[in-house]
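Notes to accompany the following structure.
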Amino acid sequence: MSKRYKKQKGLKYLNLELKAHMIYGLLGRNGAGKSTIMNLMARRIFPSSGLLKISGVQLKEGMNLSPIVHLLSEENYYNIDVKIASHFKNIHDLNEHFDIENAYRIAELFKLDSNQKLKSLSTGYLTIFKLCIALSIRVDVLLLDEPIKGLDANHRELFYSLHLEYYQNHNNTIVISSHIIDEITNLIEEVIVIEDGNIILEQSVEYLLNHAYLFSGKYEEVIKTLNGLIPLHIERKAFETRANILTEIENMHNL
Numbered sequence: 001m002s003k004r005y006k007k008q009k010g011l012k013y014l015n016l017e018l019k020a021h022m023i024y025g026l027l028g029r030n031g032a033g034k035s036t037i038m039n040l041m042a043r044r045i046f047p048s049s050g051l052l053k054i055s056g057v058q059l060k061e062g063m064n065l066s067p068i069v070h071l072l073s074e075e076n077y078y079n080i081d082v083k084i085a086s087h088f089k090n091i092h093d094l095n096e097h098f099d100i101e102n103a104y105r106i107a108e109l110f111k112l113d114s115n116q117k118l119k120s121l122s123t124g125y126l127t128i129f130k131l132c133i134a135l136s137i138r139v140d141v142l143l144l145d146e147p148i149k150g151l152d153a154n155h156r157e158l159f160y161s162l163h164l165e166y167y168q169n170h171n172n173t174i175v176i177s178s179h180i181i182d183e184i185t186n187l188i189e190e191v192i193v194i195e196d197g198n199i200i201l202e203q204s205v206e207y208l209l210n211h212a213y214l215f216s217g218k219y220e221e222v223i224k225t226l227n228g229l230i231p232l233h234i235e236r237k238a239f240e241t242r243a244n245i246l247t248e249i250e251n252m253h254n255l
């Protein structure tokens, strides 16, 4: 399967098979192609060539995907002028696989007021709203694109717990996309690393833990130590830069 764009990079001849009842981590830098893969699987966009099957069913344009796949997208596709409670009701009316009581339970755990309109929510609480929906829908494949965007430490921990609860209850296939390796290693079983539209690694999370390294320190020192290696993720803050790399080199430590 491939996806080509006129003015930006796409996916090059992607050949990927996901096992049932498995939690995958889809890792790569911003712009590597993670969201494109997610959107292809959810049929929000369509491949330039090739085909896609989920649970043995070839996905086609116009199919009802509600019992098959759900995507929590980094982009917001919900009407921001509508209250959370109304969104829950609308989804419940349209999708028999949506557990509205569980959505309200999750909202209460996160202290999310369901009488608020989406336009009043911060980035973190908009993510929480989308998590309330995603973790309350029973599907064969759940896709979570950057599901911790804007969440503080306490909310991330709560998401991790609810994510594992969801998996134990439904035993389905989950794909979590992130550019932050150390945030999701406790949530996944298999790792897929994508770079420039190509899959460069498919391995167990144990392999990732044995071959991924975190560099932290002053920006100039981190860049010098990387010595040309391309990081999976680099985050530059006022007093510290953090870079994750995947390498066979042993005995590397933080600066």
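My numbering puts the sequence shown at residues 1 to 255. All C-beta atoms, glycine included, are put in the ideal place defined by N, C-alpha and C.
Check                                                                                                                               : Outcome
Beta-carbon proximity list for Glu146, same chain, < 7 angstroms, skipping 5 on both sides                                          : Glu74, Ser177 and Ser178
Leu121 vs Phe129 beta-carbon contact at 8 angstroms                                                                                 : yes
Integer Cβ distance of Leu143 from Val175, believed to fall under 8 angstroms                                                       : 5 angstroms
Beta-carbon gap between Gly25 and Val191 smaller than 8 angstroms                                                                   : yes
Complete beta strand (DSSP E) runs within the region 97-172 (minimum length 3 residues, chain order)                                : 141-145
Whether Ser114 touches Asn95 by CB criterion (8 angstroms)                                                                          : no
Residues that DSSP places opposite Val69 in a beta bridge                                                                           : Val141
With 16 other Cβ atoms within 10 Å as the buried cut-off, status of Asn102                                                          : buried
Neighbour-count burial assignment, Ser136, 16 or more Cβ in a 10 Å radius                                                           : buried
Beta-carbon spacing of Asp196, Ala85 below 8 angstroms                                                                              : no
DSSP state of Glu189 mapped onto helix, strand, coil                                                                                : coil
Under 8 angstroms between C-beta atoms of Phe98 and Ile106                                                                          : no
Assigned exposure category for Ile184 - 16 Cβ within 10 Å defines buried                                                            : buried
Best match in Leu72, Tyr219 and Asn30 for proximity to Ile133 [C-alpha to C-alpha]                                                  : Leu72
Own chain partners of Val69 with C-beta closer than 7 angstroms, once the 5 adjacent residues on each side are dropped              : Met41, Ala42, Ile54, Val139, Asp140, Val141 and Leu143
Cβ shell of Asp81 (< 8 angstroms), same chain only, five flanking positions each side left out                                      : Lys117, Leu118 and Lys119
Segment limits, alpha helix (DSSP H) that includes Leu40                                                                            : Lys34 to Met41
Inter-residue Cα distance where the pair is Ile37 and Ile181                                                                        : 18 angstroms
Presumed contact (8 angstroms Cβ cut-off) between Leu187 and Ile23, rounded CB distance                                             : 6 angstroms
Reduced DSSP secondary structure (H/G/I, E/B, other) of Phe88                                                                       : helix
Start-to-end residues for the alpha helix (DSSP H) that takes in Tyr219                                                             : Tyr219 to Leu226
Straight-line gap, Gln203 to Asn210 (C-alpha atoms, nearest Å)                                                                      : 11 angstroms
CB-CB length for Asn76 against Leu126, believed under 8 angstroms                                                                   : 6 angstroms
DSSP beta-bridge partners of Lys83                                                                                                  : Lys117
Beta-carbon proximity check, Ile199 vs Leu52, cutoff 8 angstroms                                                                    : no
Beta-carbon contacts of Ala20 that lie in its chain and below 7 angstroms, excluding the five residues immediately before and after : Thr173
Pairwise C-alpha distance: Glu165 and Lys224                                                                                        : 42 angstroms
Beta bridge counterpart(s) of Phe215 as assigned by DSSP                                                                            : Ala243
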